[in-house]
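Working notes for the structure below.
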Amino acid sequence: GAVVSQHPSWVICKSGTSVKIECRSLDFQATTMFWYRQFPKQSLMLMATSNEGSKATYEQGVEKDKFLINHASLTLSTLTVTSAHPEDSSFYICSAGLTSGPRYEQYFGPGTRLTVT
Amino acid sequence: GDSVTQMEGPVTLSEEAFLTINCTYTATGYPSLFWYVQYPGEGLQLLLKATKADDKGSNKGFEATYRKETTSFHLEKGSVQVSDSAVYFCALSGDKAAGNKLTFGGGTRVLVKP
């Protein structure tokens with residue numbers, strides 16, 4: 006249980022175009038999902054917290070107009086990289102939060118590798 | 028703010044060797060502590076966790092004990108295998124008031140040679 010999927014697993018797009026990444030919780034409902042960015046050989050950087058039915062909360066330094074997040078349902082959050090540039094090339098990972106009794110845990114998707122040419 | 032510091036890699040060792048990856052943290056309140064593993068080209072998998080002081084998390088031969096007095100959560104495995112080659116991340120989770128956010132350490136790359 007508690008499986009999170011991402012689509013696509015990898016994408017190549019041209020500079021100036023937009024690309025959408027989907028994050029789905031397959032067997033549970035998640036009121037909160039998180040989006041991370043990971044540069045090669047580096048740690049994960051939290052970009053934003055996505056809340057179902059409300060606006061996402063962005064971390065300091067993350068451009069909300071460039072990285073559009075929509076949490077349309079309890080099982081789906083999307084990240085759209087608008088007007089992509091080569092410096093946006095990265096590994097994007099989402100996670101979905103699940104509360105079970107007193108415990109809260111994040112379950113991670115397999116990641117999406119974005120290459121902007 | 029919260030932070031996690033873990034030893035830098037890469038760590039290279041031979042099969043059946045003993046592995047230790049140090050992790051220390053600073054946090055307000057009483058965070059939960061985690062170790063995640065990332066295999067090449069993949070996302071993160073939870074390896075083990077501990078939610079309160081003196082708890083020991085264990086999985087797949089790995090262990091880590093939540094030491095509040097030293098603010099540490101060191102990862103250990105007595106006999107590593109080639110398949111343990113991966114990047115290991117130590118992380119802490121803030122409470123609900125903090126948005127349940129995870130704060131990650133920088134990651135430690137481990138390479139196990141046959």
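Protein chains in written order, with the numbering used here: chain A, 6 to 122; chain B, 28 to 141.
Heads up, the beta-carbon is just placed ideally off N, CA and C, and yes, glycines get one too.
*Report the residue from V121/A, L49/A, S55/A and P115/A whose alpha carbon sits nearest the alpha carbon of H12/A.*
Looking up residue 12/A in the first sequence gives position 7. Considering only alpha carbons, the answer is P115/A.
*Using a Cβ-Cβ cut-off of less than 9 angstroms, give me the residues of the region 27-55 of chain A that come near chain B, in sequence order.*
Taking 9 angstroms as the upper bound on Cβ-Cβ separation, chain B lies near residues T37, F39, Y41, Q43, K46, Q47, S48, L49, M50, L51 and T54 of the region 27-55 of chain A.
*the region 101-132 of chain B: which residues have C-beta closer than 9 angstroms to a C-beta of chain A, in chain order?*
For the region 101-132 of chain B, residues whose beta-carbon sits nearer than 9 angstroms to a beta-carbon of chain A comprise V114, F116, A118, S120, D122, K123, G126, N127, K128, L129, T130, F131 and G132.
*Taking DSSP as the reference, what is the three-state secondary structure of E92/A?*
Position 87 of the first sequence, counted from the first residue, corresponds to residue 92/A. Helix.
*According to DSSP, is S110/B helix, strand or coil?*
Against the second sequence, residue 110/B aligns to sequence position 83. Residue state, collapsed to three classes: helix.
*Measuring only between beta-carbons, confirm whether Y97/A sits less than 8 angstroms from chain B.*
Residue mapping note: residue 97/A aligns to position 92 of the first sequence, counting from 1. No - not a single Cβ of chain B is within 8 angstroms of the one on Y97/A.
*Between the Cα of S78/A and the Cα atoms of C18/A, S59/A, V8/A and W15/A, which residue gives the shortest distance?*
Start at 1 with the first residue of the first sequence, and residue 78/A comes out as number 73. Minimum Cα distance to S78/A is reached at S59/A.
*Between D82/B and the rest of its own chain, which residues show a CB-CB distance below 8 angstroms, the 5 nearest in sequence each way excluded?*
Position 55 of the second sequence, counted from the start, is the residue given in the question as residue 82/B. T92 and Y93.
*Anything in the region 58-70 of chain B with a Cβ closer than 7 angstroms to a Cβ of chain A? List those residues in chain order, please.*
Flagged, chain order: E69 and G70.
_From L51/A, S55/A and C99/A, residue whose alpha carbon lies closest to that of G66/A_ = Here the question's residue 66/A lines up with position 61 in the first sequence. Per the Cα distances, L51/A.
*asked:* Would S106/B and V139/B be called neighbours here (beta carbons separated by less than 8 angstroms)?
replied: One-based indexing of the second sequence puts residue 106/B at position 79. One-based indexing of the second sequence puts residue 139/B at position 112. Result no, Cβ atoms of S106/B and V139/B do not sit closer than 8 angstroms.
*Nearest-angstrom Cα distance between N127/B and E69/B?*
Here the question's residue 127/B lines up with position 100 in the second sequence. Here the question's residue 69/B lines up with position 42 in the second sequence. Each residue's Cα considered, the two are about 23 angstroms apart.
*In chain B, which residues lie less than 8 angstroms from Q65/A when you measure between Cβ atoms?*
Start at 1 with the first residue of the first sequence, and residue 65/A comes out as number 60. Simply none; closest approach about 11 angstroms.
*asked:* Does any residue of chain B have a CB that is nearer than 8 angstroms to the CB of P13/A?
replied: Along the first sequence, one-based indexing puts residue 13/A at 8. Taking Cβ atoms only, chain B never reaches closer than 8 angstroms to P13/A, which makes this a no.
_Reduced DSSP secondary structure (H/G/I, E/B, other) of S14/A_ = If you number the first sequence from 1, residue 14/A lands on position 9. S14/A falls in the coil class under three-state DSSP.
*asked:* Quick check on DSSP: helix, strand or coil for L79/A?
replied: On the first sequence, position 74 is the one that residue 79/A refers to. Here L79/A sits in coil by DSSP.
_Any chain A beta carbon closer than 8 angstroms to G134/B_ = Stepping through the second sequence from its first residue, residue 134/B is reached at position 107. Closer than 8 angstroms: yes.
_Member of T97/B, F45/B, G28/B and C50/B whose CA lies at the smallest distance from the CA of M34/B_ = Here residue 34/B refers to the residue found at position 7 of the second sequence. Selected option, being the one with the closest Cα: C50/B.
*Would you verify that the beta carbon of P115/A is, or is not, closer than 8 angstroms to some beta carbon of chain B?*
Locating residue 115/A in the first sequence gives position 110, where the first residue counts as 1. Taking Cβ atoms only, chain B reaches closer than 8 angstroms to P115/A, which makes this a yes.
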